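Below is one structure, written out as structure tokens; comments come after it.
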Amino acid sequence: MDLAELARIKRRCSGDDACAELANALKLRRQIDDIFPMDDLIRNVAPDIPLRDVVLGVLPFVGLMALAVLVLCLAPSIATWFPDVVLGLRTS
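For what it's worth, our numbering labels the leading residue of the sequence shown as 2, then goes sequentially.
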């Protein structure tokens with residue numbers, strides 16, 4: 002749906018608040034799709050896999066990243082422990 006079609010819908014909706022709200026919602030959806038084209042990207046790469054399955058498949062990795070951030074916040078010294086050992090700055 003292009004912007005000209007959205008403008009035609011909005012013109013036809015003159016005076017009808019519900020129709021105007023729908024046109025505004027469609028325009029907002031268009032703007033969101035322009036900013037975040039991920040849904041279209043996934044549909045083009047793997048059209049037979051629903052977006053829900055992709056999101057559910059990624060969730061365990063997102064959870065692990067959140068856990069790693071939490072561990073680093075609670076014990077920040079472990080972030081520099083390994084580089085210190087490798088560079089020989091720490092002996093234990």
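Cβ coordinates follow ideal geometry from the N, Cα and C atoms, glycine included. Computed from a predicted structure; not experimentally measured.
Residue i vs residue j beta-carbon contact at 8 Å
i, j, result
"A80", "L73", "yes"
Simplified DSSP assignment, three categories, for residue i
i, result
"D54", "helix"
"R44", "helix"
"G89", "coil"
"A76", "coil"
"D49", "coil"
Cα-Cα separation between residue i and residue j, rounded to whole angstroms
i, j, result
"P61", "V55", "11 Å"
"P48", "M66", "28 Å"
"L68", "R13", "52 Å"
"S78", "V70", "13 Å"
"E22", "A76", "50 Å"
"R53", "C20", "30 Å"
"F83", "L90", "10 Å"
Own chain, CB closer than 8 Å to residue i, minus 5 neighbours either side, in chain order
i, result
"N45", "none"
Cut-off 6 Å between Cβ atoms - residues of its own chain near residue i, not counting five sequence neighbours on either side
i, result
"G64", "none"
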